[in-house]
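Below is one structure, written out as structure tokens; the observations come after it.
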């Protein structure tokens, strides 16, 4: 059931984000809806502010003031629960239809991460599993997990050619 859960954006009165999150959590627990409303986040960032006296201090700040992100299975019941919480002005979307965030948006915000286990290292022989060069083989030249990239030297038409791929597009050749 959690497979059909998607991330939505709730619009709130500015400054009510934490109160809205707490209220929804209480309703969810009280009504036993933990299987329908799975997670809520108020994205925060740490910034360094410089005071007038020249001192600097680290401060937590909301990335999207006035918004709360919620991972839920959209139904009439969950829509009404969220919509009727004090401080909520609505879902981000068109009219009365909430539009879920795309997978790219969720990943870009760091809400969820796809963990990729890299089982190869520089110098290993690998087979390309996906893309236009699928089934080609090559040698790993560089691995950049933080950028989700791997460089592979592939022999094409009798010439060695470097190819940039995503980490999950290659596997160790057996």
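Numbering (the numbering used here), first residue to last: 870 to 1043.
Backbone N, C-alpha and C fix where the C-beta goes; we use that ideal spot for every residue, glycine too.
Shown here, residue 911 sits in coil according to DSSP, grouped into three states, outside any helix or strand. It is roughly 22 Å from the alpha-carbon of residue 893 to the alpha-carbon of residue 964.
Of the candidates 890, 903 and 923, 890 places its Cα closest to the Cα of residue 911. Runs of the beta strand (DSSP E) lying entirely within the region 1008 to 1034, each at least 3 residues long, are 1018 to 1025 in chain order. Residue 903 carries a coil assignment under DSSP once its states are collapsed to helix, strand and coil. The region 1030 to 1042 makes contact with the region 987 to 1007; the number of CB pairs closer than 8 Å reaches 3 or more. Residue pairing by DSSP places residue 940 opposite 876 and 908 in a beta bridge.
Assignment of residue 892 by DSSP, reduced to helix, strand and coil, places it in the helix class. Shown here, residue 977 sits in a helix according to DSSP, grouped into three states.
Separation of the CB atoms of residue 903 and residue 931 is rounded to 25 Å, and the pair is thereby denied contact status at 8 Å. In chain order, 928 and 930 place their CB closer than 7 Å to the CB of residue 916, counting only its own chain and leaving out the 5 sequence neighbours on each side.
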